[in-house]
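Written below as structure tokens is the structure these notes are about.
In the numbering used here, the protein residues as written are 24 to 142.
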């Protein structure tokens with residue numbers, strides 16, 4: 024199982040990673056702190072992207088998958104995390120997508136970002 028690691032992994036990111044591992048026994052897991060992409064200071068932990076690849080998502084709708092992730096992270100979402108992007112896939116879906124982590128667009132309010140939403 025691959026786990027996204029970045030310098031200065033904070034306590035919220037570690038908690039999210041552990042809770043998703045416990046809840047889904049993923050084949051692949053990435054927890055990416057994207058807070059810095061939204062004009063926040065380095066080290067802040069409020070916006071995350073998670074990529075969870077697990078057999079437990081088989082025969083579940085996208086809405087059910089997202090609900091399950093939200094349930095696993097109820098404490099974090101009620102406190103420190105104010106935004107999360109969820110990519111919940113089965114291993115077969117992940118393979119069909121080439122095992123690629125979806126790109127993230129910078130916040131429109133970021134002066135360096137340009138107009139990425141028109142791409």
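A virtual CB, placed ideally from N, CA and C, is assigned to each residue, including glycine.
**Item:** Residue range of the unbroken alpha helix (DSSP H) whose run includes residue 47
**Value:** Taking the chain shown and counting its residues from 1, the one referred to as residue 47 is at position 24. Run containing residue 47: 34-47, per the alpha helix (DSSP H) assignment.
**Asked** So is residue 49 buried or exposed if we call it buried at 16+ other beta carbons inside 10 Å?
**Response** Taking the chain shown and counting its residues from 1, the one referred to as residue 49 is at position 26. By the neighbour-count rule (16 or more Cβ atoms within 10 Å), residue 49 is buried.
**Asked** When DSSP labels each residue in this structure, what does residue 126 get in the three-state scheme?
**Response** Against the chain shown, residue 126 aligns to sequence position 103. Coil.
**Message:** Nearest by alpha-carbon distance to residue 44: which of 125, 74, 126 is it?
**Reply:** Start at 1 with the first residue of the chain shown, and residue 44 comes out as number 21. Among 125, 74, 126, the Cα nearest to that of residue 44 belongs to 74.
**Request:** Answer yes or no: do residue 70 and residue 107 have a C-beta to C-beta separation smaller than 9 Å?
**Result:** Translated into positions along the chain shown, residue 70 becomes position 47. Translated into positions along the chain shown, residue 107 becomes position 84. Going by C-beta atoms, residue 70 is nearer than 9 Å to residue 107.
**Prompt:** Using 8 Å as the threshold, is the segment 74-87 in touch with the segment 99-115, meaning 3 or more CB pairs across them?
**Reply:** yes
**Item:** Exposure label - residue 120; buried when at least 16 CB within 10 Å
**Value:** Counting from one through the chain shown, the residue named residue 120 turns up at place 97. Exposed: under 16 other Cβ atoms inside 10 Å.
**Request:** Would you kindly work out how many angstroms separate the C-alpha atoms of residue 142 and residue 34, rounded to a whole number?
**Result:** Counting from 1 along the chain shown, the entry for residue 142 is found at position 119. Counting from 1 along the chain shown, the entry for residue 34 is found at position 11. In this predicted model, residue 142 has a pLDDT of only 31, less than 50, meaning its place in the structure is not dependable enough to derive any value.
**Asked** So what does DSSP say about residue 58, is it helix, strand or coil?
**Response** Here residue 58 corresponds to residue number 35 of the chain shown, with the count starting at 1. It is helical.
**Request:** Using beta-carbon positions only, say whether residue 65 and residue 31 come within less than 9 Å of one another.
**Result:** Locating residue 65 in the chain shown gives position 42, where the first residue counts as 1. Locating residue 31 in the chain shown gives position 8, where the first residue counts as 1. Yes, Cβ-Cβ distance for residue 65 and residue 31 is below 9 Å.
**Prompt:** Would you call residue 127 buried or exposed, if buried means 16 or more other Cβ atoms sit within 10 Å of its Cβ?
**Reply:** Translated into the one-based positions of the chain shown, residue 127 becomes position 104. Flag for residue 127 reads exposed.
**Asked** What runs of the beta strand (DSSP E), each 3 residues or longer, lie entirely inside the segment 69-98?
**Response** 70-76
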